[in-house]
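Enquirer:
Numbering (my numbering), first residue to last: 1 to 126.
(1) Given residue 47, which residues of its chain have a CB within under 7 Å of its CB, disregarding the five upstream and five downstream residues?
(2) Hey, how far is the Cα of residue 81 from the Cα of residue 14?
(3) Under 8 Å: do the segment 64-75 and the segment 17-25 share three or more Cβ pairs, one atom per stretch?
(4) Over what stretch of residues does the alpha helix (DSSP H) that includes residue 8 continue unbroken?
(5) So, with DSSP's three-state summary, where would you put residue 106?
(6) Under the three-state reduction of DSSP, which class applies to residue 1: helix, strand or coil?
Below you can see the structure in the form of C-alpha cells.
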C-alpha cells in the first residue's frame, strides 16, 4: 500500500527532474545546479548521495530530446560533443574518485564556491 507521503515523495522526485530538465534544455544546466541542491535540501541527502543520484539518473539518455531539438536548429557541434563526451567519461571517473577523498562538508563547500564563481563570472563578466 502506497501512502500519501510516499506519493508526494515520488512526485517530488519527478518535479525536481522536470525542473532540472527545463533548466537543462533552456540553459544547458540542470544536474549540478538544480537537482543536486534540491536533493540535498528537500530530501536531506548528503552531497555525495545527491551527486551519485543525479549521475545515475543521467545514465539513460535524459538529454536526448533536448539535444535533438538543438541539433535540428543547427546548434550542435557534433565533433565537439563527441570529444566532450570522451572527456566527461574519463573526468567523471577521476572526479568521483576525488570526491570520495573529501568529507561531505568539504564537498558541499567546494560545490558552493564553484557555483559562486560561475555566478560571479556570469553576472560581472563581459
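A virtual CB, placed ideally from N, CA and C, is assigned to each residue, including glycine. Note that this is a predicted model, so its numbers are computed, not measured.
Expert: The answer reads as follows:
(1) Close CB contacts of residue 47 within its chain, under the 7 Å cut and outside five residues either way in sequence, are with 40, 104, 107, 108 and 111 (chain order).
(2) 27 Å
(3) Enough Cβ pairs lie closer than 8 Å, so yes.
(4) 4-27
(5) Here DSSP, grouped into helix, strand and coil, assigns residue 106 to helix.
(6) coil
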